[in-house]
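Report on the structure given below.
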Amino acid sequence: MQLEPNKYVKELTQEKYKYGFTTDVHTEIIEKGLNEDVVRLISEKKGEPEWLLDFRLKAYRYWQTLEMPTWAHLTIPEIDYQAISYYADPTKKKDGPKSLDEVDPELLKTFNKLGIPLEEQLALSGMAVDAVMDSVSVKTTFKETLMEKGIIFCSISEAVREHPDLVKKYLGSVVGYRDNFFAALNSAVFSDGSFVYIPKGVRCPMELSTYFRINAANTGQFERTLIVADDDSYVSYLEGCTAPMRDENQLHAAIVEIVVMDRAEVKYSTVQNWYPGDAEGKGGVYNFVTKRGNCKGRDSKLSWTQVETGSAITWKYPSCILSGDNSTAEFYSVAVTNNFQQADTGTKMIHLGKNTRSTIVSKGISAGRSQNSYRGLVRVSEKADNARNYSQCDSLLLGSHCGAHTFPYMDIHNETAVVEHEATTSKISEDQLFYCNQRGIPTEDAVGLIVNGYAKEVLNKLPMEFAVEAQKLLSVSLEGSVG
Amino acid sequence: MNMKAEQQYIDLFTQCEALICRHSAEGLNAPRAKAFADFERLGFPTRKQEKYKYTEIGTFFAPDFGLNLNRLEFPVNPYEVFKCDVPNMSTSLYFVINDSFDKHDHPSAQLPEGVLFGSLRELAMQYPDLIKKYYGKLADTSKDGLTAFNTMFAQDGVLMYVPKNVVMEKPIQLVNILRADVNTLSNRRLLIILEEGAQAKLLVCDHAMDNVNFLSTQVTEIFVGENAYFDLYELEETHNSTVRFSQLFVEQQAGSNVLLNGMTLHNGTTRNTTEVQLVGRGAEINLCGMAIADKNEQVDNHTTIDHRVPDCTSNELFKYVLDDQAVGAFAGKVLVREGAQHTSSQQTNRNICATREARMYTQPQLEIYADDVKCSHGATVGQLDENALFYMQQRGIPLKEARLLLMFAFVNEVIDYIRMDALKDRLHRLVEKRFRGELNKCQGCAICK
Chain A
101 MQLEPNKYVK ELTQEKYKYG FTTDVHTEII EKGLNEDVVR LISEKKGEPE WLLDFRLKAY
161 RYWQTLEMPT WAHLTIPEID YQAISYYADP TKKKDGPKSL DEVDPELLKT FNKLGIPLEE
221 QLALSGMAVD AVMDSVSVKT TFKETLMEKG IIFCSISEAV REHPDLVKKY LGSVVGYRDN
281 FFAALNSAVF SDGSFVYIPK GVRCPMELST YFRINAANTG QFERTLIVAD DDSYVSYLEG
341 CTAPMRDENQ LHAAIVEIVV MDRAEVKYST VQNWYPGDAE GKGGVYNFVT KRGNCKGRDS
401 KLSWTQVETG SAITWKYPSC ILSGDNSTAE FYSVAVTNNF QQADTGTKMI HLGKNTRSTI
461 VSKGISAGRS QNSYRGLVRV SEKADNARNY SQCDSLLLGS HCGAHTFPYM DIHNETAVVE
521 HEATTSKISE DQLFYCNQRG IPTEDAVGLI VNGYAKEVLN KLPMEFAVEA QKLLSVSLEG
581 SVG
Chain B
319 MNMKAEQQYI DLFTQCEALI CRHSAEGLNA PRAKAFADFE RLGFPTRKQE KYKYTEIGTF
379 FAPDFGLNLN RLEFPVNPYE VFKCDVPNMS TSLYFVINDS FDKHDHPSAQ LPEGVLFGSL
439 RELAMQYPDL IKKYYGKLAD TSKDGLTAFN TMFAQDGVLM YVPKNVVMEK PIQLVNILRA
499 DVNTLSNRRL LIILEEGAQA KLLVCDHAMD NVNFLSTQVT EIFVGENAYF DLYELEETHN
559 STVRFSQLFV EQQAGSNVLL NGMTLHNGTT RNTTEVQLVG RGAEINLCGM AIADKNEQVD
619 NHTTIDHRVP DCTSNELFKY VLDDQAVGAF AGKVLVREGA QHTSSQQTNR NICATREARM
679 YTQPQLEIYA DDVKCSHGAT VGQLDENALF YMQQRGIPLK EARLLLMFAF VNEVIDYIRM
739 DALKDRLHRL VEKRFRGELN KCQGCAICK
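First to last, the sequence lines map onto chains A and B.
Each number in this note's numbering corresponds to the 1-based position in the first sequence with 100 added.
Each number in this note's numbering corresponds to the 1-based position in the second sequence with 318 added.
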């Protein structure tokens with residue numbers, strides 16, 4: 101059977117990244133480069149207490165001793181860490197008040213363009229949003245409603261000011277500053293991010309969401325998210341991100357830490373759509389992220405769901421430490437790469453407590469000249485009796501120049517563990533396409549259908565509003581790569 | 319880099335290079351200087367290297383070992399100490415003692431016209447062109463410190479050459495005997511060449527005779543010509559103070575079919591590296607292995623299958639049973655290069671950990687750069703099925719016996735890959751004995767009979 105690829109391929113490659121605009125707001129950017137003074141300056145600008153500055157400096161000094169790791173299956177052009185500005189604040193006006201109600205209207209427009217109107221529409225969809233642009237949290241909605249229930253949802257700088265005890269107790273408790281190269285860098289220069297605290301026994305009534313956007317040129321975004329779910333609580337948290345189209349690469353090195361206490365449950369969903377670079381592989385965001393949750397309490401549950409369609413290079417392993425007995429962790433991922441994108445993503449499941457269970461479902465889709473890798477670790481420690489893991493990673497190849505790779509690691513130190521791993525790699529079968537064609541479905545629609553069906557298992561795990569967006573993203577990212 | 323372990327060998331080589339060369343052959347001496355330079359640069363692999371993540375190599379070389387550089391003959395008659403002829407299977411039987419080919423007469427050996435099988439050193443002198451063409455061509459010393467080490471010190475070994483279209487009905491059995499009164503390091507070398515359309519089977523057994531520490535490195539290079547068939551069975555039955563580092567390189571031409579089956583029954587520390595390159599269309603590789611380990615035995619298999627051209631097939635199956643404090647590691651990489659369409663590749667690794675202290679590390683990897691392929695891999699770590707155990711107990715089979723039966727059935731799948739019935743039967747028995755603990759250590763195989 102002969103496919104007719106060319107017309108469609110052209111269409112896709114011309115498909116524009118629709119979030120690629122920049123916003124003309126006055127932004128305060130500090131000098132490029134990184135040294136101890138910059139770290140002090142960031143801390144000073146944010147009016148941080150002494151202990152946080154110490155934390156940053158320790159991280160910075162440790163970072164200086166490290167070299168950029170090379171183990172990932174990625175080709176990363178050398179990054180000049182001195183050519184990046186580590187702090188950009190779009191809310192900073194030369195004069196004028198800084199109250200949240202007087203946010204620059206340009207900024208609000210930006211978020212409107214992104215489909216994130218901070219006020220009205222979200223009121224309808226019942227979602228609380230913290231919007232982070234460049235380095236600073238711009239606005240958090242629904243704060244009062246949440247406050248009534250005792251839920252804290254604010255930017256991390258605000259949390260440092262208003263809830264220093266909580267931040268001090270949990271910051272760095274899951275991802276220490278010595279964790280890895282990018283974690284050390286982030287710990288030194290992190291600018292903003294979200295902080296969530298769900299008190300005992302509270303079920304968060306709405307989805308919490310953060311929207312990240314890199315706007316200014318030559319800046320890196322280093323946000324830090326900290327979520328603490330106390331006993332018997334529940335929260336579902338969403339994260340979305342976009343960046344303007346620029347020829348040069350932008351660096352994004354974030355940390356997400358999650359602490360889940362007794363019987364609490366956290367659902368963390370990401371739709372990552374940073375600018376992936378153009379069809380020639382020029383530009384795009386380098387997305388080097390450390391995400392980790394600790395299921396600290398008994399019967400706790402943590403679930404990661406990610407849809408990765410953007411970024412020129414993705415290096416991301418949302419992980420779970422299952423330290424509480426009977427805790428459960430899930431990881432659902434769809435990673436799509438097209439053109440010259442590279443992704444090395446997966447998860448780590450560290451079983452420490454008894455009767456812990458983890459599930460990994462990873463679906464990779466590669467097209468164009470992209471490379472897509474799954475890398476995962478399942479470790480069952482000596483004391484983790486009756487641990488159970490099931491991993492499945494499937495790869496779908498569209499085109500003969502792309503690559504799909506799987507690198508699972510299993511370290512089993514306990515005889516009662518049951519660990520299973522399965523992986524398959526294939527392309528869309530001609531039989532499936534033929535069947536659809538026969539029923540009058542054009543090839544490109546058929547591919548869309550099949551890909552969506554293939555990713556369904558993961559998409560189903562997303563909250564509804566996100567699932568729709570993710571589904572659209574998926575078809576946009578892959579359009580025309582049939583052939 | 320901690321050069322402590324390396325330094326004594328660098329010194330030794332510098333002092334004894336002339337001696338090593340004198341007791342070897344021209345073809346084997348040729349790559350020595352480069353290997354030495356590579357070893358100086360690389361040293362022994364460390365756990366920081368992904369490939370050697372689970373076995374620290376250097377520490378095993380740190381103690382003082384004796385090397386038989388002068389090629390002194392050991393006063394041993396293999397026929398007297400070794401009675402392990404596989405019953406009902408007539409093989410051409412040969413021996414390697416430590417790392418020297420045993421030159422005694424071999425009454426059972428009858429080889430077809432043109433087939434060469436014998437001391438690598440002697441045949442290298444007789445057929446220098448053959449050695450020049452093949453020796454060291456697959457085992458790249460510049461990439462791996464262990465390969466470089468072996469190439470530096472290897473003085474003798476075995477050459478097997480099967481000419482075009484020669485079919486060997488009778489399998490060859492090669493027995494590696496480790497025999498020494500002091501701790502000994504031996505560097506074995508195998509070069510196997512099958513020309514177009516040739517067919518052969520080789521069974522290699524490792525045995526340790528004495529209760530001293532043995533450390534052996536082994537580099538095997540196998541060239542399989544178009545439409546040739548080759549089976550290699552490696553059986554390790556040594557003891558707890560034996561360390562084996564084996565590196566096996568295979569290159570397969572179009573339409574060739576190779577079966578590699580490595581079985582570790584008794585050992586101390588074993589690390590087997592296997593690298594298969596499929597360079598001709600329609601080549602097929604069946605790579606399997608099995609390990610039964612207890613006490614503090616350690617088995618680490620690292621395999622790479624490189625699909626370079628379209629239409630090749632690879633099947634991989636590895637099974638481990640780990641008891642006591644045994645440690646097992648398996649890493650299997652399947653690489654499908656760009657353009658290697660219609661590749662079919664399957665990889666399976668299944669493991670049973672029988673105790674709390676036993677550890678298993680598994681790492682099945684796929685690296686795929688072509689789209690029209692069918693690749694899958696699967697790995698499991700678990701225990702015996704409780705329902706099956708319960709069922710058997712209900713039927714009056716004692717728990718211990720039921721466990722044995724299930725473990726036996728578990729590894730049988732690997733044995734069933736064997737394409738020699740007599741060997742298959744014998745291995746069924748050996749494995750059963752192994753599980754029953756009757757074969758604590760290979761006693762020169764006198765009891766096997």
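C-beta atoms are modelled at their ideal positions from N, C-alpha and C, and glycine is treated no differently.
From a predicted model like this one, the values you see are computed outputs, not experimental measurements.
Could you tell me the boundaries of the alpha helix (DSSP H) in which Asn590 (chain B) lies? Careful: Asn590 (chain B) lies outside any alpha helix (DSSP H), inside the beta strand (DSSP E) at Thr587 to Leu596.
Please give the ranges of any alpha helix (DSSP H) in the segment 138-186 of chain A, keeping only runs that are unbroken, at least 4 residues long and fully inside the region. 150-164
Consider the Cβ of Gly476 (chain A): report whether some Cβ of chain B lies at a distance smaller than 7 Å. no
In the segment 489-523 of chain B, which residue ranges form an unbroken beta strand (DSSP E) of at least 3 residues, counting only runs that do not cross its ends? 490-496 and 502-512
Scan the segment 441-473 of chain B for residues whose Cβ lies nearer than 7 Å to a Cβ of chain A and list them as they occur along the chain. none
CA nearest to the CA of Ala68 (chain A), picked from A:Glu380, A:Gly453, A:Ala329 and A:Lys145: As shown, chain A starts at 101 and ends at 583. That puts residue 68 (chain A) outside it, with no answer to give.
How should Asp154 (chain A) be labelled, buried or exposed, when 16 other C-beta atoms within 10 angstroms of its C-beta is the threshold for buried? exposed
Sub-7 Å separation of Ala284 (chain A) and Ala159 (chain A) beta-carbons: yes
Where does Ala188 (chain A) sit, in a helix, a strand or coil, going by DSSP? strand
Residues in the same chain with beta-carbon distance under 7 Å from Ala288 (chain A), minus the five sequence neighbours each way, listed in chain order, please. Val139, Arg156, Ala159, Tyr160 and Trp163
Alpha carbon to alpha carbon, what distance is there between Thr332 (chain B) and Leu521 (chain B)? 36 Å
Since Thr445 (chain A) contacts Glu482 (chain A) with CB under 8 Å, what's their CB separation in whole angstroms? Incorrect: roughly 29 Å between the Cβ atoms, too far for contact.
Determine the extent of the beta strand (DSSP E) in which Lys463 (chain A) is found, giving its start and end residues. Arg457 to Ala467
What does the alpha-carbon distance come out to for the pair Ser273 (chain A) and Gly393 (chain A)? 10 Å
Based on the DSSP secondary-structure assignment, which residues constitute the bridge partners of Met581 (chain B)? B:Leu553 and B:Met608
Got a sec: does the ligand SAH put a non-hydrogen atom nearer than 6 Å to the Cβ of Leu748 (chain B)? The ligand SAH is not among the ligands present in this structure, which contains no ligands whatsoever.
Quick check on the burial criterion: 16 or more other C-beta atoms within 10 angstroms. Buried or exposed for Gln221 (chain A)? Reliability fails at Gln221 (chain A), whose pLDDT of 43 lies under 50, so the model's placement of it is uncertain and the value that follows must be treated cautiously. By the 10 Å Cβ count, Gln221 (chain A) comes out exposed.
Check whether the Cβ atoms of Arg398 (chain A) and Asn438 (chain A) lie closer than 7 Å to each other. no
Under DSSP, the alpha helix (DSSP H) around Gln532 (chain A) begins and ends at which residues? Glu530 to Gln538
Does the beta carbon of Pro512 (chain A) sit closer than 7 Å to a beta carbon anywhere in chain B? Looking at the sequence itself, residue 512 (chain A) is Ile, so the reference to Pro does not match. By this cut-off, Ile512 (chain A) is an interface position.
Using the C-alpha atoms, what's the distance from Glu339 (chain A) back to Gln683 (chain B)? 31 Å
Once DSSP output is grouped into helix, strand and coil, what is the label at His422 (chain B)? coil
Per DSSP, what kind of secondary structure is His768 (chain B) in: helix, strand or coil? Any property of residue 768 (chain B) remains undetermined from this structure, which presents chain B solely from 319 to 767.
Cutoff 7 Å: Met678 (chain B) Cβ touching any chain A Cβ: yes
So Ser419 (chain A) packs on Lys448 (chain A), CB below 8 Å; how close in whole Å? 4 Å
Cβ pair count under 8 Å reaching 3, the segment 486-502 of chain B against the segment 457-465 of chain B: no
Could you check where the alpha helix (DSSP H) with Gly301 (chain A) kicks off and where it finishes? Segment: none, Gly301 (chain A) is in no alpha helix (DSSP H) and carries neither H nor E.
Whole-angstrom C-beta distance between Leu266 (chain A) and Val328 (chain A), which should lie under 8 Å: 7 Å
Anticipated Cβ contact below 8 Å, Asn590 (chain B) with Asn619 (chain B), distance rounded: 5 Å
Neighbour-count burial assignment, Gly147 (chain A), 16 or more Cβ in a 10 Å radius: exposed
Kindly indicate the opening and closing residues of the beta strand (DSSP E) around Phe648 (chain B). Val645 to Val654
Quick check on Thr469 (chain B): does DSSP put it in helix, strand or coil? helix
Mind checking who Gln441 (chain A) pairs with in its DSSP beta bridge? Paired residue(s): none; Gln441 (chain A) is not in a bridge.
Please tell me whether Thr698 (chain B) has its Cβ less than 7 Å away from any Cβ of chain A. yes
Just to confirm, is the Cβ distance from Gln605 (chain A) to Ile413 (chain A) under 7 Å? This structure gives no information on residue 605 (chain A), because the portion of chain A shown stretches from 101 to 583.
Under 8 Å: do the segment 534-543 of chain B and the segment 552-566 of chain B share three or more Cβ pairs, one atom per stretch? yes
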